[in-house]
Amino acid sequence: MKNLKCILLAGIVLLSNCFLGVAQDDGAQGKEFEKRMATASEGKNAVNRYDISFFNNPKTKLDPRFELLPFGDVRPKGWLYDIMKEDITSGFVGHLDKLAPIILKNNVFKKRRKSLTEDPGAGTQELTGAAWEISMLWWPGETLGNWWDGYVRTAYLVEDKEAMMRSDEIVDDLLSTQDKDGYIGIYSPKLRYKHKGSNGEIWSQAGVFRMLLAYYQITKKEKVLDAVEKAMAVTMKYYNEGAKSPFDLSEECFGGVSHGLMLTDACETLYRLTGKQEYQDYAVYLYKEYCAKPLNRSMNNVRYEYLMDKDILFESHSVHTFEHLRTLINSYYETGYPELKDAYETALNKLSYTILPSGAGFGNEWQNREKAKPDSTGAEFCGMFELRGFYASAAQKTGDATFADKAEKLTFNAMQGARNYNGTGLVYCKTDNCYRLDRKAPQHGFHEEDPRYKYSPTHDDAAVCCNPSYSKSWGYYVGDMWMKAHDGIAAVLYGPSILNTQVNGNKVSIEQVTNYPMSDKIEFKVSVKNDAKFALYFRKPGWVKQMTLDVEGGAFAFENGYYKVTKKWAENETVTITFENEIKPVLWENREVYFQRGPIVYAYSIKHKEEIVRDYDIPNFHDYFCLPTDESYKNISFSMNWLDVNFESNVKGGYENPWYKDNMILKVKDSKGQEVKLIPVGNTVLRRVTFPVKK
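Numbering (mature numbering (1 follows the signal peptide of the UniProt record, and there is no 0)), first residue to last: -23 to -1, 1 to 672.
Shown next as structure tokens:
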């Protein structure tokens, strides 16, 4: 048992969300969803208010600080392995096709859309005939692409033989649909690349291309890379400077068109794998066209025009916003345009007002020019995943360690806190202060119906999107843990894992033996087959008071938030990192406080009962509500003049899974002198994260 006792006085961390007065809107699926979608295309014929001719200027490519390693070089160990293995064997990740069979039955990559009046086959939603429902025709393409991506990555990373065989079948089945000209997609020849309005042409391609490229990297099957290149060539033939723009549409369009901007993910990966500059040039072309065409105000916060409205907060769909930030930073680094640097810095400023104490960016599902509010602005899991993807991209390109800090905080708190303890359910949209989960919208005082607020293995009564996004979560986290530097490799994200890669032609293996983030110690076991000199970078998290490295020999430096150790590495070497973490009370809006130690945010766990509202054909899978049975959380407050805090941990070393156990507790005296026990947000169901401050 470790005990840390400290008395915290008025020296506290201040987190302010002060900004200009902003408009208030409800913004949630339910009553407000129809309203938002009905106004989605306002201004579609508007003229750009800001000149974007700078896209025609000569480019000055910027050098990224790091480079991603091939997918599969890093594998999970310890609790990371345990959770991923559970997800694919007994969780919804491994059974989503059986839990939502209509989507696989209507496999749009095989059956192809032949008209715009088909039954979308996207779930169990009640269709009303609203104009926006045409967009549901591409939803199964998104669901399948994202789920396949997560399933394949998880299967191969945990080396589950049955799931690996199934992954091979998924890939072979998809490749069998490729037309002679190379096309892979969801539309028949009479529809593809001829769209006048809503479509999911390149969005559905983005999902399956990401999956196929991950599969290629881990299996080294050249036919898969060849197939993606041929398919990309078709899209680049029909959508380009001298032909049609994918964003030049005469009729109403909804989310699929603007989601399609994320084909840039595939462009980035193809460039890394092939070295062909044409792919990055195409990524910049896509962002330029996206900025040139007004499209849909509810889906396009990251258009240059709207970023230049510097005094207006984000208002559009949160998932689009967070994913498009990756395209923005990539375009900036590919061109070096000062205008895009300005846009990127403005986007970061706007982003800061969406961030909740848990690290998530809110959006339920819209942002509505609001600021983050722990009680009422829920965070959608798709948005969490896409925001973490941006943080990883920014950490890779800028080398700024604070982006990795943000990625870890988001992952270990908001994302882990949306999953139930055994991986059979997920909350689609969750507030930091989560007082109940019963299909009622917290932003409307729990009076309006909203299917997102419950645990479900599918959420097919809303959209089967967040569960597939979760399926990708840990696979992408593992893939971003180590990155290549010009003179070595960098430990960007921490956690139990093993890296097997090459540095200057030398085989290098590094195992992280740790229970991080539940542990303050990481042991790196380094082994180099042939002694070789190179640098290892170790990130110093911004929340640590002190970080010590125990390593034999070498030259030390500190660069951009990383300790750099350069030496001649050999077999069986060890680097031990120890973090000295403080308990930090963080003020929220000068009215409330939350507590953080290391990357972990702490919460009061609210006692609750579960109410099953739907059973699935597969045992142990249900939709269920969580209702509070104790309202004592309403009476908790703290005095900032004197905080008595006791940290207790009995997390064991090695690889024992520390999650979902009563093994890390903050004991804090409240304003009445009574002891309040707080636990990690990632271990909670119903919870309170922020508390009133008594002066």
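Think of the CB as a built atom: it goes at the ideal place given N, C-alpha and C, for glycine as much as any other residue.
Bear in mind the structure is a predicted one, so any value in this text is a computation, not a measurement.
Considering only DSSP beta bridges, list what residue 396 is partnered with. 403
Using the Cβ count rule (16 or more neighbours within 10 Å means buried), how would you classify residue 332? buried
State the CB to CB distance for the pair residue 498 and residue 491, rounded to an integer number of angstroms; the pair is presumed to be in contact (CB under 8 Å). 7 Å
3-residue-minimum beta strand (DSSP E) runs that sit fully inside the segment 389 to 470, ordered along the chain: 459 to 462 and 465 to 468
Cβ-Cβ distance between residue 378 and residue 571 below 8 Å: no
Can you tell me the Cα-Cα spacing of residue 459 and residue 151, whole angstroms? 30 Å
Sequence-distant residues of its chain with Cβ nearer than 6 Å to residue -19 (five each side left out): Note that residue -19 has pLDDT 37, beneath the 50 cutoff, so the model's placement of it is unreliable and no number is given.
Quick check on residue 228: does DSSP put it in helix, strand or coil? coil
Inter-residue Cα distance where the pair is residue 442 and residue 75: 15 Å
Test item: CB-CB of residue 520 and residue 575 under 8 Å: yes
Extent of the continuous alpha helix (DSSP H) run through residue 213: 199 to 215
What first and last residue would you give for the beta strand (DSSP E) that runs through residue 257? Careful: residue 257 lies outside any beta strand (DSSP E), inside the alpha helix (DSSP H) at 254 to 269.
Three-state secondary structure (DSSP) of residue 69: helix
Counting Cβ pairs, one atom from each stretch, are 3 or more of them under 8 Å apart for the segment 165 to 175 and the segment 191 to 199? no
Express the C-alpha separation of residue 177 and residue 118 in angstroms, rounding to a whole number. 8 Å
Distance between beta carbons of residue 395 and residue 358, contact taken as under 8 Å: 5 Å
Between the alpha carbons of residue 205 and residue 452, how many angstroms are there, rounded? 21 Å
By a C-beta neighbour count over all protein chains shown, 10 Å radius and 16 as the cutoff for buried, is residue 672 buried or exposed? exposed
Tell me, which residues are paired with residue 541 by DSSP? 514 and 534
Residue from 583, 73, 156 and 588 whose Cα sits closest to the Cα of residue 128: 73
So the candidates are 241, 153 and 78; which of them puts its Cα closest to the Cα of residue 179? 241
Alpha-carbon to alpha-carbon, residue 153 and residue 218: 30 Å
Please classify residue 42 as buried or exposed, where buried requires at least 16 other C-beta atoms within 10 Å of its C-beta. buried
DSSP has residue 63 in a bridge; who is on the other side? Its beta-bridge partners do not exist; DSSP assigns none.
Look at the alpha carbon of residue 556 and the alpha carbon of residue 522, and state the distance between them as a whole number of angstroms. 8 Å
Mapping DSSP to helix, strand and coil, what is residue 662? coil
Using a Cβ-Cβ cut-off of 8 Å (strictly less than) and excluding sequence neighbours within five positions of residue 535, which residues of its own chain qualify? 517 and 541
Let me confirm a value: residue 19 is counted as buried when at least 16 other C-beta atoms fall within 10 Å, else exposed. Which label applies? Confidence at residue 19 is low in this model, with a pLDDT of 48, below 50, so the placement of that residue is unreliable and no value is reported for it.
Taking all protein chains shown into account, do 16 or more other C-beta atoms lie within 10 angstroms of the C-beta of residue 254, making it buried, or fewer, making it exposed? exposed
Can you tell me the Cα-Cα spacing of residue -23 and residue 630, whole angstroms? Residue placement at residue -23 cannot be trusted, given a pLDDT of 38 that sits under 50; the coordinates are not used to answer.
Using the three-state DSSP reduction, which class does residue 602 fall into: helix, strand or coil? strand
Start-to-end residues for the beta strand (DSSP E) that takes in residue 669: 668 to 671
For residue 651, report the span of its alpha helix (DSSP H) as first-last. Here residue 651 belongs to no alpha helix (DSSP H), and DSSP marks it neither H nor E.
Between residue 278 and residue 298, is the Cβ-Cβ spacing less than 8 Å? yes
Is the number of C-beta pairs between the segment 334 to 348 and the segment 41 to 55 that are closer than 8 Å three or more? no
Cβ-heavy atom distance, residue 542 to the ligand FMN, below 7 Å: Because no ligand of any kind appears in the structure shown, any question about the ligand FMN cannot be addressed here.
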